[in-house]
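Undergrad:
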Amino acid sequence: MDMLTSLLLDYNKLTGISNQTFANLSSLGRVSLTHNEIVEIGRSSFVEVGQFISIDLSYNKITSLPIAPIFDPNTGRLVLHHNQITSVSSSSFDEMVRIYEFDISYNKLQVLDMELLGKMPKLYTFKAAHNSLVQLSSGTFDGNPTLRIVDLSYNKISTISDQVFSAIDRIHQLFLDGNPLHVVPSNILLNQPWISTLSLSDTKLVTILKSDFAHSKLLQFLDISNNSLNFIEDKSFQLLPNLYRLDISHNSLESFDALGIEYLTKLVLFYSRNNNFKTISARIFEGSSDMKVLDVSNNQIEVLPDRMFSGLRPYSISLARNNITSLMGDAFDGFYSTHLKSLDLSFNKISYMQKAHSKA
Numbered sequence: 040m041d042m043l044t045s046l047l048l049d050y051n052k053l054t055g056i057s058n059q060t061f062a063n064l065s066s067l068g069r070v071s072l073t074h075n076e077i078v079e080i081g082r083s084s085f086v087e088v089g090q091f092i093s094i095d096l097s098y099n100k101i102t103s104l105p106i107a108p109i110f111d112p113n114t115g116r117l118v119l120h121h122n123q124i125t126s127v128s129s130s131s132f133d134e135m136v137r138i139y140e141f142d143i144s145y146n147k148l149q150v151l152d153m154e155l156l157g158k159m160p161k162l163y164t165f166k167a168a169h170n171s172l173v174q175l176s177s178g179t180f181d182g183n184p185t186l187r188i189v190d191l192s193y194n195k196i197s198t199i200s201d202q203v204f205s206a207i208d209r210i211h212q213l214f215l216d217g218n219p220l221h222v223v224p225s226n227i228l229l230n231q232p233w234i235s236t237l238s239l240s241d242t243k244l245v246t247i248l249k250s251d252f253a254h255s256k257l258l259q260f261l262d263i264s265n266n267s268l269n270f271i272e273d274k275s276f277q278l279l280p281n282l283y284r285l286d287i288s289h290n291s292l293e294s295f296d297a298l299g300i301e302y303l304t305k306l307v308l309f310y311s312r313n314n315n316f317k318t319i320s321a322r323i324f325e326g327s328s329d330m331k332v333l334d335v336s337n338n339q340i341e342v343l344p345d346r347m348f349s350g351l352r353p354y355s356i357s358l359a360r361n362n363i364t365s366l367m368g369d370a371f372d373g374f375y376s377t378h379l380k381s382l383d384l385s386f387n388k389i390s391y392m393q394k395a396h397s398k399a
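Going by our numbering, the sequence shown opens with residue 40, and the numbers climb by one from there.
#1: In whole angstroms, what separates the C-alpha of L306 from that of E76?
#2: Give the straight-line distance between the Cα atoms of L358 and N266, rounded to the nearest whole angstrom.
#3: Of the choices G68, I263, R137, A62, whose alpha-carbon is the least far from that of L47?
#4: In or out: I195 buried (at least 16 other Cβ within 10 Å) or exposed?
#5: Might you give, ordered along the chain, the residues of its own chain that have their beta carbon closer than 8 Å to the beta carbon of N315, omitting 5 neighbours on each side?
#6: Rounded to the nearest angstrom, how far is the Cβ of V127 from that of D111, given a contact under 8 Å?
#7: Entirely within the stretch 249 to 305 and at least 4 residues each: give me those alpha helix (DSSP H) ranges in chain order.
#8: Among T73, I106, N99, V78, whose alpha-carbon lies nearest the alpha-carbon of V86?
#9: Taking the beta strand (DSSP E) that S93 falls in, what are its first and last residues?
#10: Taking the alpha carbon of Y302 as the point to measure from, which residue in P280, S288, D273, K317 has its own alpha carbon closest?
#11: With a CB to CB cut of under 8 Å and the five nearest residues on each side skipped, what residues in its chain are close to N313?
#12: For R352, which of L379, A370, L155 has the nearest alpha-carbon?
#13: Hey, could you find the ends of the alpha helix (DSSP H) L229 is sitting in?
#14: Taking E325 as the reference, which of M347, R116, L215, Y310 has the closest Cα?
#15: Quick check: the Cα distance between A253 and A168, rounded to an integer number of angstroms?
#16: Apart from the five residues just before and just after L213, which ones in its own chain have a Cβ nearer than 6 Å to its Cβ?
#17: Where does the unbroken beta strand (DSSP E) through Y310 begin, and where does it stop?
#18: Quick one: what's R116 bridged to in DSSP?
#19: Classify G157 as helix, strand or coil using the three-state DSSP reduction.
#20: Quick one: Cα of L64 to Cα of D133, how far?
#21: Under 8 Å from any heavy atom of the ligand GDP, does the C-beta of V335 make it?
#22: Residues in its own chain within less than 6 Å of S240 by CB, not counting five upstream and five downstream?
#23: Assuming I199 and L175 are in contact, meaning their beta carbons sit under 8 Å apart, how far apart are those beta carbons, in whole angstroms?
#24: Drop a sphere of 10 angstroms on the beta-carbon of D251, count the other beta-carbons inside from all chains shown, and report buried for 16 or more, exposed for fewer.
#25: With H, G and I counted as helix, E and B as strand and the rest as coil, what does DSSP make of F132?
#26: Taking the alpha-carbon of K243 as reference, which of P232, L220, F260 has the nearest alpha-carbon?
#27: Looking only at its chain, what residues have a beta carbon closer than 6 Å to the beta carbon of N122, apart from the 5 residues adjacent to it on each side?
#28: Helix, strand or coil for F85, going by three-state DSSP, please let me know.
#29: So, does the CB of E134 fall closer than 9 Å to a CB anywhere in chain C?
#30: Here's the rule: buried if 16 or more other CB atoms are within 10 angstroms of the residue's CB, otherwise exposed. What is M40?
#31: If you compare alpha carbons, which of V78, M330, H74 is closest to I56?
#32: Identify, in the order they occur along the chain, each residue of the same chain with its Cβ nearer than 6 Å to the Cβ of V332, setting aside the five sequence neighbours on each side.
#33: Just how far apart, CA to CA, sit S97 and I207?
#34: Since R69 sits in a beta bridge, which residues does DSSP pair it with?
#35: Buried or exposed for P184, going by 16 or more other Cβ atoms inside 10 Å?
#36: Could you check which residue in Q231, K161, D142, S177 has the C-alpha nearest to that of S192?
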């Protein structure tokens, strides 16, 4: 089988990998061993066997990795998520000069070896979500200037020092969901103004200050849902001119006025369900003419103001589960209805409807 380049052994009952498992497969570039019962990996199991580009060992029962060499230094993608790994030592890895993606999510890590990622100088994507990491050492990413995507969601990280990401040229996507941060990590945003995706869902946020995003003008996707937000400083989002998607769902917010939505001219997707909004100012979405999805469901809104949707061309509007008692046509004045595919007004208290005067 000298010509074999891809080997898939998913959903079997393999319990271990030895250094003879892939012997004589000189052209092997991809191996997938997901959903097995692998507990142990022998030394040199993936060294000098073919020219590995991708190794996927996810959904197994691996608890630890032996001392190097284990993986070929030319490996480009290494996936170890959904195992039972409690620690990963830098001694388990040779210099992996070509690896661009390393995923060790859904394991039992409590600490990241400070020298581990330094052996992966071309790393682009690093995922360590759903572990038990408590903190990150300042030098953790010092050897990863090309790192662009970092997923540390659902760990136990409460603070992140200014120096943790300082050696990285520019992070594009940062996921910190499910960590007990309590505040927006504005120190990180100050040093990484190139972040375009920031996810802070379920991080125990209570307030948002205008200064939090003062240096995030390139931010396009912001998720601050599932927190305990009850205060957003006036026009905190005004400094985010490129925002495309904003999710503030599942919080305790009461007023739209402080959000500064009218300044978000590039906003396309807006989710604000499950808050305590009672009123909406007239023409609050006037500046967001590109908005395609508007979800204000599960709030306490009673009245839709005149021309609330003026200038909008949405595909979907959800106002379900509010306290709206009547639907007046004036609310839809100036509204472009030709693009609308879904209008959800279910579970309200509507007893009267007037014909809308929308634009064609």
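Note that CB positions come from ideal geometry on N, CA and C, so glycine has one too.
TA: A quick look at the data gives this:
#1: 46 Å
#2: 21 Å
#3: G68
#4: Per the sequence presented here, residue 195 reads as Lys, with Ile not at that position. Exposed is the call here.
#5: S291, L292, E293, N338, Q339
#6: In fact, because the Cβ distance is near 17 Å, the residues do not count as touching under 8 Å.
#7: none
#8: I106
#9: 93 to 95
#10: P280
#11: S288, H289, N290, S336, N337, N338
#12: L379
#13: 225 to 230
#14: M347
#15: 27 Å
#16: V189, I234, L237
#17: 308 to 310
#18: S93, E140
#19: helix
#20: 22 Å
#21: No copy of the ligand GDP occurs in the structure displayed, which carries no ligand at all.
#22: D216, D262, S264, N265
#23: 6 Å
#24: buried
#25: coil
#26: L220
#27: N99, I101, N146
#28: strand
#29: Chain labels in this structure do not include chain C; a single protein chain is all it has.
#30: exposed
#31: V78
#32: L308, S355
#33: 27 Å
#34: S45, S93
#35: exposed
#36: D142
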